[in-house]
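Whatever position you read off the sequence shown (first residue = 1), add 5 for UniProt numbering.
Have a look at the structure below, then the notes.
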Amino acid sequence: FRIGVLISGSGSNLQALIDGVKSGFIPAEIALVISNKADAYGLTRAREAGIETRVVDHKTFEGRSPFEHELIRALDDAGVELVCLAGFMRVLTPLFVRHYLGRLINIHPSLLPAFAGLHVQQRAIDAGVRFSGCTVHFVEEEVDAGPIIAQAVVPVLPSDRAEDLAKRILTQEHRLYPWAVKLFVEGRTQVKERVVHIQPAQW
Ligand code: GRF
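Right under this line is the structure:
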């Protein structure tokens, strides 16, 4: 099973997936890592793991469609069957989403549908919630709104600043994403009326 990972930055979630593949936990291979930023540290992580990398810089394209066509061409040429967004900071248009619908997933650092969008850790603190966490979901055309595959919860502490909460959530992301990818790769996720059912039932 061939996985493609799109990144824009540090790639700590990518690293968790690399480790999950290397340990055999995820029965698949990461065929390609693409970053829209040439200086993304995640590219170094991929190269050190012997994974093919590409930089597709959105700024060198006239508009979103040519950029996304290039992403699609690179991913399809690599025979990618599941696309994982991992800290990828570009909004994808229906063109890309439709091409990979049902095999395009993302990790978001909040308990969706709460706190979709950006600056989610600060917004959770400002809202006074007692718990936050992370969500792995299928990507649909509406941003941060597709069927939920898995979630993990962390406490929000009174002393938390955004970076403290972000760090606590990130630790859970590195556990949750490999597990969610494993479920998908093993064919254990099924979407029925926008709800993802896991076989065997395991919450
Ligand atoms: C993390 O906050 C993660 O929640 C979001 O992107 C940020 C960077 O992740 N998906 P990474 O370290 O680049 O994987």
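Note that CB positions come from ideal geometry on N, CA and C, so glycine has one too.
Since the model is a prediction, treat every value here as computed from it, not as a measurement.
Under 9 Å between C-beta atoms of residue i and residue j
i: P183; j: F30; result: yes
i: R78; j: N41; result: no
i: T98; j: R59; result: no
i: G133; j: Q156; result: no
i: A33; j: I8; result: yes
i: V38; j: A21; result: no
i: H104; j: D149; result: no
i: R108; j: L123; result: no
i: F93; j: E73; result: no
i: A43; j: G16; result: no
i: V141; j: L181; result: yes
i: L175; j: I154; result: no
Cβ neighbours of residue i in the same chain (closer than 8 Å, five flanking residues each side left out)
i: A54; result: I23, K27 and I35
i: F136; result: L116, V158, V159, P160 and V161
Beta strand (DSSP E) segment containing residue i, residue limits
i: P160; result: I153 to P160
i: T194; result: T194 to K197
i: T58; result: T58 to V60
i: H202; result: V200 to I203
Short CB-CB distance (under 9 Å) between residue i and chain C
i: F6; result: Among the protein chains of the structure shown there is no chain C, as only one such chain exists.
Beta-carbon proximity list for residue i, same chain, < 6 Å, skipping 5 on both sides
i: L162; result: none
i: Q204; result: R193
i: V125; result: P114 and S115
i: V196; result: P152
i: G14; result: A45 and G92
Same chain only: Cβ atoms within 7 Å of residue i, ignoring 5 sequence neighbours per side
i: R173; result: V159
i: F120; result: R128 and A129
i: G84; result: R7 and A36
i: N18; result: A91, G92, I112, E178, H179 and Y182
i: L117; result: T140, H142, D149 and I153
i: A167; result: Q126, Q127 and I130
i: D165; result: I130
Nearest-angstrom Cβ-Cβ length linking residue i and residue j, presumed shorter than 8 Å
i: V201; j: A91; result: Wrong, their Cβ atoms sit about 19 Å apart, outside the cutoff.
i: V61; j: L76; result: 6 Å
i: V186; j: G25; result: 7 Å
Continuous alpha helix (DSSP H) stretch holding residue i: start and end
i: R7; result: Unbroken run through R7 is the beta strand (DSSP E), R7 to I12; no alpha helix (DSSP H).
i: V26; result: S17 to K27
i: F189; result: A167 to V190
Completely contained beta strand (DSSP E) runs for the segment 75-126, where each covers 3 or more residues: 87-90 and 109-113
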